[in-house]
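Here is the structure we will look at, set down as structure tokens.
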Amino acid sequence: MDYKKFIEEQIAHIKQTVGEAKAINALSGGVDSSLVTVLGHRALDNQLRTVFVDNALMREGEPERVVKVFAEMGIDVELVDAREEFLSALAGLTDPEEKRQAITDTFYSNVFARLVKESGATFLLHGTILTDIEETVAGIKRQHNILAQLGIDTEAAYGYSIIEPLKTLRKDDVREVAKTLGLPAELAQRIPFPGPALATRIVGEVTAEKLETVRTATAIVEEELADSGAFQYFAVLLTDRATGIRNNKREFGQIIVIRCIESTDARTATVTPLPWEKLNRISDRITQIPGVNRCLYDLTPKPPATIEYI
Ligand code: XMP
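My numbering applies: residue 1210 is where the sequence shown begins, and numbers increase by one.
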């Protein structure tokens, strides 16, 4: 595939399609939406408004980091603080599918729908890739019709159009195009991170306190395993508690699970045989997090387990 030609064609196509109108896109910091953001700004410059929604479920320093990386490429990203909205939508929910649904609904029906309407944009740029379309058709993923998810019935009635410049690409091509376009490696080569973010790594109810715990644990795991070469690695917070000893006192503490896996497409996965010293070091650091007194390593491949915990 000729990546340079692909880039030129997509920029020309976006420019021609949008004309003098306004466009908007939501950036998550993942490679797909990052690539769409750069392509979109090359084509449309200030006619494109890019928003990054802080849903309270992000990794440590993530919103600021994404805004900064794009600022360095000359792209303005608007940080939208929707933390309270997401946390109240998640309050009291323990069922995995209900938690996922609450996040999708809050994003599409409330936060992004509001931003789209107030922006006066008539074009939405979206980072749908070929795999998303295939998985939607195969019934693996929930349907990918963004306009319907935003509660916008028909394009004709509202004049909204959706542009999906990456819909013919698979992940490896997305990474190559991103590299060709000059996206920094920290964006082009990032490990996968799910849309529902840290909510997929908290079993049971998601609260601000639990998010703080799993966020700190995630930062430790990502730092320790950055050079592991593994497909994906992260920390999970369980609902169960266990007895431990801290400062000579009994403590009924929290349990963090470490997951580190090898995979090519996330459909199946095996567990990385991490060196014992590495696991010990991670366990030492994790159990220094206030309230956490146990650290487990998950030995389960996919299947029968999934990669995430919800
Ligand atoms: P599972 O847990 O299904 O994960 O074995 C497979 C891969 O997909 C990621 N994942 C998601 N990505 N939205 C996403 O964009 C989601 O809702 C979602 N759920 C899981 C997961 O991190 C893994 O790489």
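Think of the CB as a built atom: it goes at the ideal place given N, C-alpha and C, for glycine as much as any other residue. Computed from a prediction, not measured in an experiment: that's the story for all the values here.
{"Check": "Heavy atom of the ligand XMP within 7 angstroms of Q1441 beta-carbon", "Outcome": "yes"}
{"Check": "Own chain residues within Cβ distance below 8 angstroms of S1370, not counting five before or after", "Outcome": "T1226, T1331, F1332, L1333 and E1364"}
{"Check": "Complete alpha helix (DSSP H) runs within the stretch 1387-1426 (minimum length 4 residues, chain order)", "Outcome": "1394-1397"}
{"Check": "Identified DSSP bridge partners for K1458", "Outcome": "R1455"}
{"Check": "The stretch 1377-1396 contacting the stretch 1228-1244, beta-carbon criterion three pairs below 8 angstroms", "Outcome": "yes"}
{"Check": "Anticipated Cβ contact below 8 angstroms, I1546 with I1470, distance rounded", "Outcome": "Nothing can be reported for residue 1546: it is not among the residues displayed for the chain, which extend from 1210 to 1519."}
{"Check": "Cβ distance (whole Å) where E1414 is taken to contact L1302 below 8 angstroms", "Outcome": "6 angstroms"}
{"Check": "T1448 (DSSP reduced to helix, strand or coil)", "Outcome": "strand"}
{"Check": "Proximity test, G1453 beta-carbon vs the ligand XMP heavy atom, cut-off 7 angstroms", "Outcome": "no"}
{"Check": "Exposure label - F1261; buried when at least 16 CB within 10 Å", "Outcome": "buried"}
{"Check": "Which residues DSSP lists as bridging D1263, in chain order", "Outcome": "D1290"}
{"Check": "Span separating the alpha-carbon of D1382 from that of A1435", "Outcome": "23 angstroms"}
{"Check": "C-alpha gap between V1276 and E1269, whole angstroms", "Outcome": "14 angstroms"}
{"Check": "Check whether L1248 and A1232 have beta carbons under 8 angstroms apart", "Outcome": "no"}
{"Check": "Span separating the alpha-carbon of A1454 from that of Y1506", "Outcome": "The sequence shown places Ile at residue 1454, not Ala. Straight-line Cα distance between these residues: approximately 20 angstroms."}
{"Check": "Pick from T1448, A1397 and P1405 that is closest to T1422, judged by C-alpha positions", "Outcome": "T1448"}
{"Check": "Spatial distance of P1512 from I1342 (CA atoms)", "Outcome": "23 angstroms"}
{"Check": "Beta bridge counterpart(s) of I1355 as assigned by DSSP", "Outcome": "The partner list for I1355 (beta bridge, DSSP) is empty, contrary to what the question assumes."}
{"Check": "Proximity below 8 angstroms, CB of H1438 to CB of G1500", "Outcome": "This sequence places Gly at residue 1438; His is not what is there. No; because the gap between Cβ atoms is not below 8 angstroms, this pair is not in contact."}
{"Check": "Straight-line gap, M1267 to G1404 (C-alpha atoms, nearest Å)", "Outcome": "10 angstroms"}
{"Check": "Whole-number beta carbon distance between T1409 and Y1518, since they are thought to touch under 8 angstroms", "Outcome": "6 angstroms"}
{"Check": "Counted within 10 angstroms of its Cβ, other Cβ atoms place P1482 as buried (16 or more) or exposed", "Outcome": "exposed"}
{"Check": "Contact set for I1411: own chain, Cβ-Cβ below 6 angstroms, skip 5 residues either direction", "Outcome": "K1419, V1423 and L1446"}
{"Check": "Distance between beta carbons of V1286 and F1279, contact taken as under 8 angstroms", "Outcome": "5 angstroms"}
{"Check": "Beta-carbon proximity list for E1293, same chain, < 6 angstroms, skipping 5 on both sides", "Outcome": "none"}
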